[in-house]
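Residue numbers (the numbering used here): 9 to 345.
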């Protein structure tokens, strides 16, 4: 078992939950975050307090992965067995107006992580990709063995670039890399810019909610506990080269290098209107719905094929939307009183 793990983006939604999971397993975790103000920094600080007060072997480092020398010095000093890179500029819509932010964090920052893993002999790099890489693909469920060369958002393009950079480092330098394509993650301590959070706040304040694509959106909503269970199981499963990989019929999800891609999704797309209905039931209030066209960069539906994940770790997300929303609402009421 890898004993020392670096989690970048530790104050983020997934980073916080994954770190709590790894600490509970008895691992030492160094958490790195730049506490970017893209959303409420006080929420990120509250997550960190939970981790710091847990009494486990946790150390927080306030740092930006885009600062190459600082990051290299950290790797040299602390000698990580495994790195889980969750630090990134998130959000599809935000990328339309702030492209340079994505290039700095998701491209430059990720390259710095790869370089550090290469030079300091990290045994396994896992990194957050996204269902957004599927872009214009309409054949569902989305499979890691499909070609994903047509992203429809800058965010998705940067995540596809991460996969390409990772493959190059796996091929050239033998760095074992695992890409994690997350599908619409939700749950307690979630991101305030995500639909479930926005809807909850607006319904409680008796304000309209924006329902895009006139309510015809479908998402493979995946509960946070299922996400971190899958990632934690993959931490010690550094990928091996696929001996059957062929250059004349290339498989995008594997390689002749130590490189793998996995979808982590619930494998059951739900209509956005179903999520709203369940949320209304939990809150005991009806939403005021404002139906709007689909936004630039969005896709009408996502749906994960998780066969490769099940084969690798014997696990697939199981938490129902009903249970997940109830747990989120309970947390929201407690946190915001």
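For every residue, glycine included, the Cβ atom is placed at its ideal position computed from N, Cα and C.
Contact between the stretch 109-120 and the stretch 93-100 is present: three or more C-beta pairs spanning the two stretches fall below 8 Å. Between residue 195 and the set 258, 106, 340, 48, the nearest pair of CA atoms involves 340. Membership of residue 36 in the beta strand (DSSP E) is indicated by the continuous run 36-41. Per the coordinates, the alpha-carbon of residue 83 lies some 20 Å from the alpha-carbon of residue 170. Residue pairing from DSSP places residue 187 in a beta bridge opposite 135, 269.
In the three-state reduction of the DSSP assignment, residue 296 falls in the strand class.
Runs of the alpha helix (DSSP H) lying entirely within the stretch 182-268, each at least 4 residues long, are 203-212, 232-242 in chain order.
Per DSSP, residue 25 is one residue of the alpha helix (DSSP H) stretching across 21-32. For residue 70, the enclosing beta strand (DSSP E) begins and ends at 66-70. Within the model, the alpha-carbon separation for residue 67 versus residue 60 is close to 8 Å. Within the same chain, 329, 330, 333 come within 7 Å of residue 286 by CB-CB distance, once the 5 residues on both sides are set aside. For residue 142, same chain residues with a beta-carbon under 6 Å away, outside a window of 5 residues either side, are 150, 156 in chain order. Boundaries of the beta strand (DSSP E) around residue 92: 90-93. The Cβ neighbour count for residue 168, taken over all protein chains shown within 10 Å, is at least 16; the residue is labelled buried. Within the model, the alpha-carbon separation for residue 126 versus residue 9 is close to 20 Å. Looking only at 41, 52, 224, the smallest Cα-Cα distance to residue 75 is reached by 41. Within the DSSP secondary-structure output, residue 15 pairs in a beta bridge with 39, 92.
Non-local C-beta neighbours of residue 55 in its own chain, meaning closer than 7 Å and more than five positions away in sequence, comprise 19, 24, 197, ordered along the chain. Only buried fits residue 136, as 16 or more other CB atoms lie within 10 angstroms of its CB. No residue range can be given for residue 154, since it is assigned to no alpha helix (DSSP H) and is classified by DSSP as neither H nor E. Judged by DSSP secondary structure, residue 52 falls within the alpha helix (DSSP H) whose first and last residues are 49-60. Taking all protein chains shown into account, residue 34 has fewer than 16 neighbouring C-beta atoms within 10 Å of its C-beta and is therefore exposed.
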